[in-house]
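Down below is the structure, laid out as structure tokens.
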Amino acid sequence: MIFIKILGLDEYITGRLSKQAGQAINKIIGNEDEEVFFYAPRSYIFHDGVEQTSWHAVTIINMPKDYAKYEEEIADYILEATKDYVLNMALYFEYVEGKVYTRASSDFPRFIGEQNLFNDDDYFEEDDLSEVDENTLYLGNVFEGYDFEEGKYVEDSKRGSCCEGDDDECCDDECDCDEDEDCSCND
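Counted the way this note's numbering counts, the sequence shown spans residues 9 to 195.
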């Protein structure tokens with residue numbers, strides 16, 4: 009495992025950077041299976057009492073001693089990859105000789121990836137949220153419609169056969185919501 013901690017750089021920028029940088033570091037060390045983690049704490053860098061965030065960053069790379077021979081290549085890559093995000097950077101390496109112990113769930117994917125990332129824009133329309141107070145807690149089942157074996161949300165077949173309203177009772181084959189203003193779906 010390789011841990012890269014970037015202090016003084018916005019955590020969202022670090023998140024975006026981590027995708028390309030993790031893959032590039034795997035390529036540099038010649039091990040596609042090595043896990044590369046980025047740690048982006050909400051942090052500030054100060055020098056002489058003045059905040060330096062996004063002006064100056066400190067990066068600490070913690071990795072197995074076996075990868076020390078790739079230090080210069082990794083440093084060059086990180087310094088170059090971050091030049092559009094931070095003006096100045098100090099980077100140093102820490103090496104570990106101990107073993108890494110992990111536990112991974114057999115019920116779920118090892119990591120959240122783009123293929124199993126939940127995007128609420130896919131499931132909710134802007135209009136659906138207009139009447140919801142932002143301070144109201146959702147008390148329903150957040151996993152409703154989620155198939156854990158498939159690792160994704162699935163459409164409710166009963167709901168799909170109903171007419172277009174929000175009324176679960178509206179599954180009348182004779183109902184035509186567009187023409188029938190008295191339909192319970194329009195309540």
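Note that CB positions come from ideal geometry on N, CA and C, so glycine has one too.
Proximity below 7 Å, CB of residue i to CB of residue j
i    : j   : result
W5   : L99 : There is no way to answer for residue 5, as the model of the chain reaches only from 9 to 195.
E102 : N70 : yes
I36  : Y78 : yes
Q60  : I68 : no
E40  : K73 : no
Coarse secondary structure for residue i, derived from DSSP in three states
i    : result
K91  : coil
Q28  : helix
S169 : Residue placement at S169 is flagged as unreliable, the pLDDT there being 45, under the threshold of 50; a coordinate-derived value is accordingly withheld.
E80  : helix
E157 : coil
Y109 : coil
Minimum C-alpha distance to residue i - residue among the options
i    : options              : result
Y20  : K35, G30, Y47        : Y47
I10  : N143, R24, G30       : G30
V66  : Y109, M97, E105      : M97
E122 : K160, Y154, P49, E81 : K160
G153 : L145, Y146, V162     : V162
I86  : D155, I33, Y146      : I33
G38  : T90, I82, Y93        : I82
Bridge partners - residue i, DSSP secondary structure assignment
i   : result
I12 : F46, I69
V58 : H55
Where residue i falls, given that 16 or more other Cβ within 10 Å makes a residue buried
i    : result
L17  : buried
Y146 : exposed
I120 : exposed
T90  : buried
Cβ-heavy atom distance, residue i to the ligand GTP, below 6 Å
i    : result
E102 : The ligand GTP is not part of this structure, which contains no ligands at all.
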